[in-house]
Amino acid sequence: MPEELNPFKIAQAQLDEAAELLGLDEATHEILRWPRREFRFTIPVRMDNGKVKIFHGYRVQYNDARGPGKGGLRWHPDETIDTVRALAAWMTWKTAVVDIPLGGSKGGVTCNPEEMSDGEKERLARGWMRQIYFRLGQYKDVPAPDVFTTSQIMSWMLDEYEVLSNDHQPAVITGKPVELGGSLGRSDATARGGMYTVREACKKLGIDPAQAKYAVQGFGNVGSFAATLHKELFGGGKLIAASDVYGGVYNPDGIDPHALAKHVKETGKVPGFPGTEPISNEDLLELDVDILYPAAIENVITEKNADNIKCKILCELANGPTTPAADKILYKKGVHIIPDFLANAGGVTVSYFEQVQGIYQYWWPIEKVHEELDAKMTRAYQAVYDVHKEKNVDMRVAAYLIAVQRVVDAMKLRGWV
Ligand code: NAD
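For the sequence shown, the positions run 382 to 798 when the working numbering is used.
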């Protein structure tokens with residue numbers, strides 16, 4: 382049997398394992414296996430060549446028992462309803478595991494933004510909002526940026542929402558530029574939150590992060606901040622490889638992450654960075670590093686390569702980088718996984734701070750954002766680690782046990798099950 386790589390099937394399989402360990406009854410288990418609501422729609426966009434192109438858009442509202450939905454928008458050629466469903470499920474567990482009063486949603490458009498002009502992107506952003514604005518709101522469901530969507534795209538969407546609702550609603554969408562009500566500290570929040578969990582994991586495993594070798598797959602928004610913040614927050618560490626969709630670069634003596642970020646800004650890609658040799662995305666994952674940061678796409682660690690993974694800590698900044706079959710292999714090998722919906726929860730946590738600030742119309746200084754984020758991430762990591770030890774389950778299962786139980790408690794109190 383080929384390994385199942387449909388992300389929604391994977392998300393359901395992960396839930397099934399937690400449901401069994403928690404002894405959930407059939408109805409409670411079933412409601413958690415499916416989105417509460419999902420919307421699929423077409424978006425006609427007049428392209429620069431004068432012709433109308435039809436795009437397929439999605440918004441999946443997976444579970445809102447704990448609060449309004451929350452989740453990013455991905456614009457990707459491979460986006461399908463099942464990728465969006467899986468990501469919406471993971472958002473539900475993510476908001477629950479860091480204990481913020483929100484549910485889980487996700488949205489997307491099947492498209493290739495690299496082939497689109499700014500004008501085409503703006504028309505697509507506004508068209509997406511026109512199709513779904515009636516079901517969004519600061520107390521209903523709050524979108525945010527994700528793969529290939531930007532603060533500019535959020536600004537166009539905010540503007541379209543406010544035109545349609547004839548109101549100012551800064552908390553309806555997060556990841557906005559600071560000038561439009563964005564929070565300070567949002568741009569590096571996902572990577573920074575991951576670093577706080579890595580700091581805690583290093584304490585548990587007796588690793589000095591300042592001496593650690595690390596590699597980053599996916600030197601985009603999250604990955605590039607991970608590469609630079611590792612050095613800044615830990616006062617050291619050696620980045621030995623980094624990659625993007627075009628390929629990777631490797632130098633066993635270390636790569637300056639700030640210089641690499643500058644190179645990527647100038648050339649648009651990681652390959653070709655001076656003083657390095659090329660490395661494939663596959664080989665990068667198998668390097669002998671202390672900490673591996675997958676920060677690109679899902680399903681990069683499978684049963685095919687799991688045996689060759691050598692890192693001590695796998696900090697899953699990407700969503701769904703490890704398949705369930707690979708998970709089992711890594712657990713047996715003793716790799717300490719900081720599971721995606723914990724490791725990358727810093728983004729949604731600061732998004733939540735942005736929502737809170739938007740509702741109050743009062744914005745926090747950066748120090749407060751960092752302090753509150755650190756407290757949330759550290760508490761969440763510690764809770765997951767304690768369950769991992771107490772119940773002798775891997776870190777992902779431990780995180781699921783905590784998150785699913787919190788959602789179940791809210792559903793029971795509401796009388797849904
Ligand atoms: P991004 O678009 O800024 O960066 C993605 C990076 O991955 C780019 O460097 C791209 O070239 C690379 N990439 C794409 N396809 C690849 C492939 N097949 N092989 C290798 N590299 C590839 O996106 P991002 O916002 O940095 O998100 C990265 C991951 O983190 C995604 O899985 C996303 O769902 C997850 N995530 C992001 C946030 C956030 O705040 N942006 C929050 C939580 C989780």
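The C-beta atom is built at its ideal place from N, Cα and C for all residues, glycine as well. For clarity, every value in this text was computed on a predicted model and none was experimentally measured.
Query raised in the report: Measuring CA to CA, which of Y674, W744, S732 and Q736 is closest to H717?
Result: By one-based count along the sequence shown, residue 717 stands at place 336. Selected option, being the one with the closest Cα: Y674.
Requested in this report: For D775, I'd like the list of residues in its chain whose CB is within less than 6 Å of its CB, leaving aside the five on either flank, ordered along the chain.
Outcome: For the purposes of this step, residue 775 is taken as the residue at position 394 of the sequence shown. Once the five neighbours on either side are set aside, the close Cβ partners of D775 are Y712.
Query raised in the report: Under 8 Å between the Cβ atoms of V789 and L405?
Result: Locating residue 789 in the sequence shown gives position 408, counting from the first residue. Locating residue 405 in the sequence shown gives position 24, counting from the first residue. Here V789 is near L405, since their CB atoms are less than 8 Å apart.
Requested in this report: Can you say whether M382 is buried or exposed, counting buried as having 16 or more other CB atoms within 10 angstroms of its CB?
Outcome: By 1-based counting over the sequence shown, the position of residue 382 is 1. The pLDDT assigned to M382 is 43, lower than 50, so where the model puts this residue is not dependable; a value taken from the coordinates is nonetheless given after this. That one is exposed.
Query raised in the report: CB R840 to CB L754, shorter than 8 Å?
Result: Because the chain here runs from 382 to 798, residue 840 falls outside it and cannot be looked at.
Query raised in the report: Since I621 and G635 are thought to touch, with beta carbons under 8 Å apart, how far apart are those beta carbons, to the nearest angstrom?
Result: What you label residue 621 is simply residue 240 of the sequence shown in a count that begins at 1. What you label residue 635 is simply residue 254 of the sequence shown in a count that begins at 1. With 8 Å as the limit, I621 and G635 qualify as a contact, their Cβ atoms being about 6 Å apart.
Requested in this report: With DSSP as the reference, label I678 as helix, strand or coil.
Outcome: By one-based count along the sequence shown, residue 678 stands at place 297. Note: I678 maps to coil in three-state DSSP.
Query - 7 Å Cβ shell around G500 - same chain, five flanking residues per side excluded - result: Here the question's residue 500 lines up with position 119 in the sequence shown. Taken in chain order, the residues that qualify are D429.
**Report entry** Beta-bridge partners of P524, as assigned by DSSP
**Finding:** Reading the sequence shown from its first residue, position 143 is the one you call residue 524. As DSSP reads the structure, P524 sits in a beta bridge with G452.
Query - F654 - partner residues in DSSP beta bridges - result: Start at 1 with the first residue of the sequence shown, and residue 654 comes out as number 273. Per DSSP, none; premise fails for F654.
Query raised in the report: Can the beta-carbon of T609 be found closer than 8 Å to that of I391?
Result: Your numbering for residue 609 matches position 228 in the sequence shown. Your numbering for residue 391 matches position 10 in the sequence shown. No, these two residues do not count as a Cβ contact at 8 Å.
**Report entry** Check: L698 C-beta below 7 Å from any heavy atom of the ligand NAD
**Finding:** Counting from 1 along the sequence shown, the entry for residue 698 is found at position 317. Correct: L698 has its Cβ closer than 7 Å to the ligand NAD.
Report task. Report yes if the C-beta of S624 is less than 7 Å from at least one heavy atom of the ligand NAD; otherwise report no. Result -> Working through the sequence shown from its first residue, we reach residue 624 at position 243. It does: the Cβ of S624 is within 7 Å (strictly closer) of some heavy atom of the ligand NAD.
**Report entry** Under the three-state DSSP convention, the category L695 falls into
**Finding:** Counted from its first residue, the sequence shown places residue 695 at position 314. Strand at L695.
Requested in this report: Less than 8 Å between the CB atoms is what I'm expecting for A761 and V478, so what's the real figure, rounded?
Outcome: By one-based count along the sequence shown, residue 761 stands at place 380. By one-based count along the sequence shown, residue 478 stands at place 97. Confirmed, about 6 Å.
Query raised in the report: P659 to Q598, Cα distance in whole Å?
Result: Position 278 of the sequence shown holds residue 659. Position 217 of the sequence shown holds residue 598. Straight-line Cα distance between these residues: approximately 13 Å.
Requested in this report: Check whether the Cβ of N725 lies closer than 7 Å to any heavy atom of the ligand NAD, and answer yes or no.
Outcome: Here residue 725 corresponds to residue number 344 of the sequence shown, with the count starting at 1. Within the cutoff, so yes.
Query raised in the report: Going by DSSP, which residues form a beta bridge with L620?
Result: Sequence index remark: in the sequence shown, residue 620 carries index 239 (1-based). For L620, which the question treats as bridged, DSSP gives the partners Y595.
Query raised in the report: Cβ atoms of Q442 and R418: under 8 Å apart, would you say?
Result: Within the sequence shown, the letter at position 37 stands for residue 418. Within the sequence shown, the letter at position 61 stands for residue 442. Between R418 and Q442, the gap from beta carbon to beta carbon is short of 8 Å.
**Report entry** Distance between beta carbons of I462 and Y439, contact taken as under 8 Å
**Finding:** Here residue 439 refers to the residue found at position 58 when the sequence shown is read from its first residue. Here residue 462 refers to the residue found at position 81 when the sequence shown is read from its first residue. Right, the Cβ-Cβ distance comes to about 6 Å (below 8 Å), so this counts as a contact.
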